[in-house]
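Residue numbers (the working numbering): -12 to 70.
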């Protein structure tokens, strides 16, 4: 393994799935300014729109996540081609 090319700031980071408020801890070097308290300990926080706890592939449940109104924009844009 090459020396000096890997980040040295690996630490435990809390990842929060914003669609279902699930929080899990893992090591990461991602930068963040937000923090969250988990089991009495404060960790840096990374917010996710979707994760393994809410993705239909892993859960087996179809769930519609439309955070930016993309589906409505698509329907409006292509409504003129509808027969």
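Idealized CB from N, CA, C, for every residue including glycine.
Element boundaries [alpha helix (DSSP H), containing residue i]
i: residue 65; result: 57 to 65
Selection from the options that minimises the alpha carbon distance to residue i
i: residue -6; options: 35, 6, 12 and 18; result: 18
i: residue 26; options: 11, 67 and 66; result: 11
Endpoints, beta strand (DSSP E) assigned at residue i
i: residue 24; result: 22 to 25
i: residue 17; result: Per DSSP, residue 17 belongs to no beta strand (DSSP E) and is neither H nor E.
i: residue 28; result: 28 to 35
i: residue 39; result: Unbroken run through residue 39: none, as it is neither H nor E.
i: residue 68; result: Unbroken run through residue 68: none, as it is neither H nor E.
i: residue 4; result: -2 to 4
Exposed unless 16 or more other CB atoms sit within 10 angstroms - verdict on residue i
i: residue 30; result: buried
i: residue 61; result: exposed
Bridge-paired residues (DSSP) for residue i
i: residue 9; result: 4
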